[in-house]
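Protein chains: 2
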Amino acid sequence: MNVDDLSSKTGEWLRGEGQLADVVVSSRVRLARNLAEYPFLSKASPSERTEIYRTITEEIAAASVIDDELLVDIEDADPIDRQFLVERNLISRNHAGGEGSRGVGISRAETRSLMINEEDHLRIQGLRSGLDLDSLWQEINDIDDRLAERLAFAFDNTLGYLTACPTNVGTGIRVSVMVHLPALKWTKDIERVERAAQDMRLAVRGLHGEGTEAAGDLYQISNQTTLGQSEEDIIRAFRDSIIPRIAEYERAARDALARHGESQLDDRIWRAYGILKNARCISTEETQTLLSPIRMGIHLGRFQEFDINTLNEIFLFAQSAHLQKMHQQSMSGEQRAVARADYIRSRLAE
Amino acid sequence: MNVDDLSSKTGEWLRGEGQLADVVVSSRVRLARNLAEYPFLSKASPSERTEIYRTITEEIAAASVIDDELLVDIEDADPIDRQFLVERNLISRNHAGGEGSRGVGISRAETRSLMINEEDHLRIQGLRSGLDLDSLWQEINDIDDRLAERLAFAFDNTLGYLTACPTNVGTGIRVSVMVHLPALKWTKDIERVERAAQDMRLAVRGLHGEGTEAAGDLYQISNQTTLGQSEEDIIRAFRDSIIPRIAEYERAARDALARHGESQLDDRIWRAYGILKNARCISTEETQTLLSPIRMGIHLGRFQEFDINTLNEIFLFAQSAHLQKMHQQSMSGEQRAVARADYIRSRLAE
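So the sequence lines, in the order shown, correspond to chains A and B.
For the first sequence, counting from 1, position 226 maps to 217 in our numbering; every step adds exactly one.
For the second sequence, counting from 1, position 209 maps to 200 in our numbering; every step adds exactly one.
Structure below.
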């Protein structure tokens, strides 16, 4: 299996199914681990970095923690392939744009991604469509156990797992749930959600994590600290309280829009559709912005021109690297804008 | 014939035909006249105003200068009817919103409109689709002659015709040509046109004259002075020089856009179409703004979804008073926005 094998389908995180799928796009659980016998990456020499990379990739293969595994050497990878993996949420922007020996192991279904030499030596990630944290945690925990049999992870009896960034010290867990909050954004109540999240020491970030915009009104809600709480406590809080409450709040805002501003709501949905169906050049950002009201419209049963799967495919494949892989060539920004509009029109003409 | 009889068709000024019709929407020639035996309106008492109104309307009828005449008493007219006449360019905004005895005589084809007690006692207007100033001037001149046999107009041997506003003193003629300049607007070269016009003592105004915006990139080019030039000189300058040069300039800008920014040009045209075809609420201003690139697209042969007649009908009938007459009821701004979007969608679904 190679990167191109991924490019014909949507991947796990945009499958559009699962619990609370009208608001929750996907769930992610990530564990940060470092090898005890090597320094953190900021202190590691290039040769140590290469040794870490080799050691971990060998043990991942030996432990068979990835089914039908795809191991991508990010250092050697084509820039379009790197960007492609970012667009599929399989590696971080930092990982794509970093330097030195690094790579990622990905399962065929794109439910698992193990980043090697990102910020930590190893980051074990699980991804699921919708809200599905329990099975995700079991799976990641199992991978962690199996790798721990082969790799000595840096661990302190008082602090727990040691990580490159102090905020990850402890369990090393980060739970992130991607939620679609167009109504809260529209009514500006999103600011109240952000303040409440801050009080609860939660981070609210954009589509591609830290420092990125909430393109398409997609927000990542994640825990900011991992010290002093068990993994199960954090998972439970997200599953039973944090995410259901945000979903409820968003649903109430959608209902209010439908009750008090029906024409404006439909107007926003249909104009977005009209532009996507007719534009001759369009950016990724505008595409994602326009897909947002349509995504809401589909979930509210107000829009039936196409379904959520088509929307998610357009969302994913209209991105720059996906487009260039589709055309099997490197393209300028202007060429991509035209090719993106062409692709969207052809999808919507089906 | 009454006002409602006009409401089923487009009228002369949006017929979309005539010379240079890809740039020139319509031509207008207006003469300002005042009765010698009465003071200007600013000094006239209400009873004098009423006498002026009665005298002129009687003589218009007696002289048969309007075929199948429609005489509208603007003072008594329903506000929607007044606005309706403004939207059809048959009376000015000032005439609609003024006070006291006033009215307008309109020919069935809407090629003639005689405003009584607007700024002057009488304004004789002729309207034609495209650039057609010669026959227009002959016609208006003939009406003026026939009325002059029955009415004594204020005239000074040195100054010429006396008018309420000094800028009209002399011949009292105003030539206005409505031009569509989307490419010059887009490339910002419109500013050079405006500066050149100023140097030539021409006024560049918006759709509904003085102080109005150039909605839909429609500009009225008109002479600012009437003193010291014969009517024929002014007509000739517009016909042979001013308007052909502006049209040439606009055409060159359109060609340049088509050559150097084909995708951007088509993008603008098709997005406008996509929004009009899908919006659920829309303002008059936005409608006219969106129709502008489509109007250009039709003339450039780049857009064939509907023709210029349909476009002109939508332009006219999507306006507030036209919409309310269509629905035979007074509507709030919000109701109109929804009804306008419904009307446009139904026209574009044909």
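Virtual Cβ for every residue (Gly too), placed ideally from N, Cα, C.
Treat the numbers as computed from the prediction; the structure is a model and nothing was measured.
Note down, in chain order, every chain A residue with its Cβ under 9 angstroms from the Cβ of residue 329 (chain B).
-> 254 and 258
Status (buried if at least 16 other CB within 10 Å, exposed otherwise) for residue 83 (chain A) = buried
Buried or exposed: which applies to residue 156 (chain B), given that a residue is buried once 16 or more other Cβ atoms fall within 10 Å of its Cβ?
-> exposed
Residues in the region 139 to 152 of chain A with C-beta within 9 angstroms of chain B's C-beta atoms, listed in sequence order?
-> none
Identify the continuous alpha helix (DSSP H) that holds residue 81 (chain B) and give its terminal residues.
-> From DSSP, residue 81 (chain B) is part of no alpha helix (DSSP H); its letter is neither H nor E.
For residue 343 (chain B), go through chain A and note every residue whose CB falls closer than 8 angstroms to its CB, in chain order.
-> The displayed coordinates of chain B run from -8 to 341. Any statement about residue 343 (chain B) would go beyond what the structure contains.
Would you verify that the beta carbon of residue 265 (chain A) is, or is not, closer than 9 angstroms to some beta carbon of chain B?
-> yes
What does residue 272 (chain A) reach in chain B if we use C-beta pairs closer than 9 angstroms?
-> 254, 255, 257 and 258
Hey, would you say residue 195 (chain B) sits closer than 9 angstroms to residue 240 (chain B), going by beta carbons?
-> no
Where the alpha helix (DSSP H) containing residue 53 (chain A) begins and where it ends = 37 to 54
Residues of chain A with CB under 7 angstroms from residue 344 (chain B), in chain order?
-> Because chain B is modelled from -8 through 341, residue 344 (chain B) falls outside the range shown and cannot be assessed.
Is the shortest distance between the beta-carbon of residue 332 (chain A) and the beta-carbons of chain B less than 9 angstroms?
-> yes
Buried or exposed: residue 191 (chain A), going by 16 or more other Cβ atoms within 10 Å of its Cβ?
-> exposed
What's the C-alpha gap between residue 261 (chain B) and residue 135 (chain A)?
-> 53 angstroms
The beta strand (DSSP E) with residue 97 (chain B) in it runs from where to where?
-> 94 to 97
First through last residue of the alpha helix (DSSP H) which encompasses residue 254 (chain A) = 253 to 269
Residue-level contact to chain A via CB, residue 341 (chain B), 9 angstroms cutoff = no
Mind checking residue 88 (chain B): buried by the 16 CB within 10 Å criterion, or exposed?
-> exposed
Check whether the region 302 to 310 of chain A touches the region 267 to 282 of chain A, counting contact only when three or more Cβ pairs, one atom from each stretch, lie closer than 8 angstroms.
-> yes
Strand pairing of residue 312 (chain A), partner residues [DSSP] = In DSSP, residue 312 (chain A) forms no bridge with anything.
Nearest-angstrom Cβ-Cβ length linking residue 91 (chain B) and residue 40 (chain B), presumed shorter than 8 angstroms | 5 angstroms
Mind the definition here: the region 129 to 149 of chain A touches the region 58 to 74 of chain A only if three or more C-beta pairs lie below 8 angstroms; say whether that holds.
-> no
Alpha-carbon spacing of residue 347 (chain A) relative to residue 252 (chain A), whole angstroms = An answer regarding residue 347 (chain A) cannot be provided, because it is not within the stretch -8 to 341 covered by chain A.
Three or more C-beta pairs below 8 angstroms linking the region 162 to 169 of chain B and the region 4 to 24 of chain B | yes
Which residues in the same chain as residue 76 (chain A) place their Cβ atom closer than 6 angstroms to its Cβ, once the five residues preceding and following it in sequence are excluded?
-> 82
Given residue 283 (chain B) as reference, the closest of B:272, B:198, B:331 and B:250 once Cα atoms are compared | B:198
Delimiting residues of the alpha helix (DSSP H) encompassing residue 20 (chain B) = Unbroken run through residue 20 (chain B) is the beta strand (DSSP E), 15 to 24; no alpha helix (DSSP H).
Considering only residues of the same chain and omitting the five flanking positions on each side of residue 298 (chain A), which have a CB-CB separation below 8 angstroms?
-> 289
Under the DSSP definition of a beta bridge, which residues are partnered with residue 106 (chain A)?
-> A:95 and A:114
Would you call residue 98 (chain B) buried or exposed, if buried means 16 or more other Cβ atoms sit within 10 Å of its Cβ?
-> buried
Answer with buried or exposed for residue 258 (chain B), where buried requires no fewer than 16 other C-beta atoms within 10 angstroms of its C-beta.
-> buried
Given a cut-off of 9 angstroms, decide if residue 105 (chain A) and residue 43 (chain A) are closer than it, judged by their beta-carbon atoms.
-> no
Using the beta-carbon count (16 or more within 10 Å), is residue 340 (chain B) buried or exposed?
-> exposed
Could you check the C-alpha separation between residue 130 (chain A) and residue 322 (chain A) for me, to the nearest Å?
-> 39 angstroms
What is the rounded straight-line gap between the Cα of residue -5 (chain A) and the Cα of residue 8 (chain B)?
-> 56 angstroms
Determine the burial state of residue 173 (chain A): buried for a count of at least 16 other Cβ atoms within 10 Å of its Cβ, exposed for fewer.
-> buried
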